[in-house]
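The listed protein sequences derive, respectively, from chains S and D. Heads up, the first sequence is in our numbering, so the first residue is 110 and it goes up one at a time. Heads up, the second sequence is in our numbering, so the first residue is 656 and it goes up one at a time. From the three backbone atoms N, C-alpha and C, an ideal C-beta is built for every residue, glycine too. As the structure is a computational prediction, the values presented were derived from the model and not from experiment.
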Amino acid sequence: AQRVTQPEKLLSVFKGAPVELKCNYSYSGSPELFWYVQYSRQRLQLLLRHISRESIKGFTADLNKGETSFHLKKPFAQEEDSAMYYCALNSFGGTSYGKLTFGQGTILTVHP
Amino acid sequence: SAVISQKPSRDICQRGTSLTIQCQVDSQVTMMFWYRQQPGQSLTLIATANQGSEATYESGFVIDKFPISRPNLTFSTLTVSNMSPEDSSIYLCSVGLVFGPGTRLLVL
Numbered sequence: 110a111q112r113v114t115q116p117e118k119l120l121s122v123f124k125g126a127p128v129e130l131k132c133n134y135s136y137s138g139s140p141e142l143f144w145y146v147q148y149s150r151q152r153l154q155l156l157l158r159h160i161s162r163e164s165i166k167g168f169t170a171d172l173n174k175g176e177t178s179f180h181l182k183k184p185f186a187q188e189e190d191s192a193m194y195y196c197a198l199n200s201f202g203g204t205s206y207g208k209l210t211f212g213q214g215t216i217l218t219v220h221p
Numbered sequence: 656s657a658v659i660s661q662k663p664s665r666d667i668c669q670r671g672t673s674l675t676i677q678c679q680v681d682s683q684v685t686m687m688f689w690y691r692q693q694p695g696q697s698l699t700l701i702a703t704a705n706q707g708s709e710a711t712y713e714s715g716f717v718i719d720k721f722p723i724s725r726p727n728l729t730f731s732t733l734t735v736s737n738m739s740p741e742d743s744s745i746y747l748c749s750v751g752l753v754f755g756p757g758t759r760l761l762v763l
């Protein structure tokens, strides 16, 4: 069965410091991984998908199949990055999305 | 991407009663998904709702407790039946990678 693990429930950094939110997964197939973000009082929204290899709001994430990881990184954290971050794995094959397995989430706090 | 709305946004219910949550999408979609987020926990998939067929439930979730309707390609409902305080959660519907705002349920 698939599993997504985010080892840090809480992460605190100061503004301008680098930040890395860890995500490890276990999945027998070819994984499709995502990062979601939930700001205070807002709905869950997609931040990144590994297949796009893009940078959103300065965040990047690289899929490392050897280490089964998909860590989220940003070189210089901003206060507005403070939010809950979820790593998720898509269990559907092909181009169908929606059956997601989520990690436990990491609350990121960026201090001024 | 799809725009999803849910009703109600929140509710407080008495144990033993049932609540039906509505999910509306602004475009026609084949599959809709229902998730639960218990307090302090992550999101867990309850079921997949296809139009024209019975919903497919994940392990630990049963139709008698969480009946789902999918009458057309833009709408679905999830009912939480015979509620207990353990059902206090946020219930979210999703389409693909897009999530609705959630329904926050408190059972007393």
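Measure the C-alpha to C-alpha separation of residue i and residue j and round it to an integer number of angstroms.
i: Ser-743(D); j: Pro-184(S); result: 38 Å
i: Asn-133(S); j: Tyr-712(D); result: 26 Å
i: Arg-112(S); j: Val-684(D); result: 27 Å
i: Gly-695(D); j: Asp-681(D); result: 30 Å
i: Lys-131(S); j: Gly-715(D); result: 28 Å
i: Ala-186(S); j: Pro-140(S); result: 28 Å
i: Leu-226(S); j: Asn-727(D); result: Any question about residue 226(S) goes unanswered here, given that chain S covers just 110 to 221.
i: Leu-764(D); j: Tyr-690(D); result: In this structure chain D extends from 656 to 763, so residue 764(D) is not present and cannot be described.
i: Arg-665(D); j: Met-738(D); result: 15 Å
i: Ser-178(S); j: Gln-669(D); result: 43 Å
i: Ile-667(D); j: Pro-116(S); result: 33 Å
i: Val-219(S); j: Lys-174(S); result: 29 Å
i: Ile-216(S); j: Cys-196(S); result: 12 Å
i: Lys-662(D); j: Gly-138(S); result: 36 Å
i: Leu-200(S); j: Tyr-136(S); result: The residue you asked about is not Leu; residue 200(S) is Ser in the sequence shown. Using only the alpha carbons, I get a separation of about 9 Å.
i: Ala-192(S); j: Ala-710(D); result: 33 Å
i: Glu-741(D); j: Leu-763(D); result: 9 Å
Does residue i get closer than 7 Å to chain S when you measure Cβ to Cβ?
i: Phe-688(D); result: yes
i: Ser-697(D); result: yes
What's the call for residue i, buried or exposed, on a 16-neighbour Cβ count within 10 Å?
i: Phe-688(D); result: buried
i: Ser-656(D); result: exposed
i: Ala-126(S); result: exposed
i: Leu-153(S); result: buried
i: Ala-702(D); result: buried
i: Ile-718(D); result: exposed
With a cut-off of 7 Å, does the C-beta of residue i fall near any C-beta of chain D?
i: Leu-153(S); result: yes
i: Phe-185(S); result: no
i: Gly-125(S); result: no
i: Gly-207(S); result: yes
When you compare the stretch 731-750 of chain D with the stretch 706-723 of chain D, are there three or more beta-carbon pairs, one atom per stretch, that lie closer than 8 Å?
Yes, since at least three Cβ pairs between the stretch 731-750 of chain D and the stretch 706-723 of chain D fall closer than 8 Å, the two stretches touch.
Three or more C-beta pairs closer than 8 Å, one from the stretch 114-128 of chain S and one from the stretch 147-164 of chain S: is that the case here?
Output reads no: the stretch 147-164 of chain S does not touch the stretch 114-128 of chain S.
Can you list, in chain order, the residues of the stretch 742-763 of chain D whose Cβ is nearer than 9 Å to any Cβ on chain S?
For the stretch 742-763 of chain D, the beta-carbon criterion of a distance under 9 Å to any beta-carbon of chain S is satisfied by Leu-747, Ser-749, Val-750, Gly-751, Leu-752, Val-753, Phe-754, Gly-755, Pro-756, Gly-757.
The stretch 691-707 of chain D touching the stretch 663-677 of chain D, judged by at least three CB pairs closer than 8 Å
Contact fails: fewer than three Cβ-Cβ distances are below 8 Å.
Output needed in chain order: residues of the stretch 171-199 of chain S with a Cβ under 9 Å from some Cβ in chain D.
Answer set for the stretch 171-199 of chain S: Tyr-195, Ala-197, Asn-199.
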